[in-house]
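Colleague: Got a structure for you, questions after.
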Amino acid sequence: MNAHEHSPDSRLKQAEKIVSHPEQYKVCEGCGSIVVMRAVTCPSCHAYRFDATAVRVVAQAKDLALRAASSVLSTDLS
Ligand SMILES: [Zn+2]
Numbered sequence: 142m143n144a145h146e147h148s149p150d151s152r153l154k155q156a157e158k159i160v161s162h163p164e165q166y167k168v169c170e171g172c173g174s175i176v177v178m179r180a181v182t183c184p185s186c187h188a189y190r191f192d193a194t195a196v197r198v199v200a201q202a203k204d205l206a207l208r209a210a211s212s213v214l215s216t217d218l219s
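For the sequence shown, my numbering gives the first residue as 142, with consecutive numbering after it.
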């Protein structure tokens, strides 16, 4: 399973999980990454400001899922 963690398909599954449980996640104000609620700073950019609004988390997860889908498309075309 670990070998496929960074595939676009698993990113889509991750996004589905986030959309199902937005209360367990928050969105980094610095870079837009979705991090787990218990994170103190963003693992990507080390910012410490987050938006934990469920609406924002769901919107961001859907955006990431769309980007994951489009990266599959561009990989297929290249
Ligand atoms: Zn960040």
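Cβ atoms here follow ideal geometry from the backbone N, Cα and C, with glycine treated the same way.
For residue 159, which of 150, 176, 169, 181 has the nearest alpha-carbon?
Modeller: Translated into positions along the sequence shown, residue 159 becomes position 18. Among 150, 176, 169, 181, the Cα nearest to that of residue 159 is on 176.
Colleague: By how many angstroms is the C-alpha of residue 167 removed from the C-alpha of residue 179?
Modeller: Indexing the sequence shown from 1 puts residue 179 at position 38. Indexing the sequence shown from 1 puts residue 167 at position 26. Residue 179 and residue 167: Cα-Cα distance of roughly 9 Å.
Colleague: Within 10 Å of its beta-carbon, does residue 184 have 16 or more other beta-carbons around it, so buried, or fewer, so exposed?
Modeller: Residue mapping note: residue 184 aligns to position 43 of the sequence shown, counting from 1. With fewer than 16 other Cβ atoms within 10 Å, it is exposed.
Colleague: Do you know offhand how far residue 187's Cα is from residue 150's?
Modeller: In the sequence shown, counting from the first residue as 1, residue 187 sits at position 46. In the sequence shown, counting from the first residue as 1, residue 150 sits at position 9. One C-alpha to the other measures close to 26 Å.
Colleague: Does at least one heavy atom of ligand 1 sit under 7 Å from the Cβ of residue 188?
Modeller: Along the sequence shown, read from residue 1 onward, the residue named residue 188 stands at position 47. Yes, Cβ of residue 188 sits closer than 7 Å to a heavy atom of ligand 1.
Colleague: Leaving aside the five residues before and after residue 182 along the sequence, list all residues of the same chain whose C-beta is less than 8 Å from its C-beta, in chain order.
Modeller: Stepping through the sequence shown from its first residue, residue 182 is reached at position 41. Closer than 8 Å at the Cβ level, and outside the excluded window around residue 182, lie 188, 189.
Colleague: Helix, strand or coil for residue 142, going by three-state DSSP, please let me know.
Modeller: Position 1 of the sequence shown, counting from 1, holds the residue named residue 142. Caution applies to residue 142, whose pLDDT of 49 falls short of 50 and renders its modelled position unreliable; the value that the coordinates give is listed next. DSSP places residue 142 in coil when its eight states are reduced to three.
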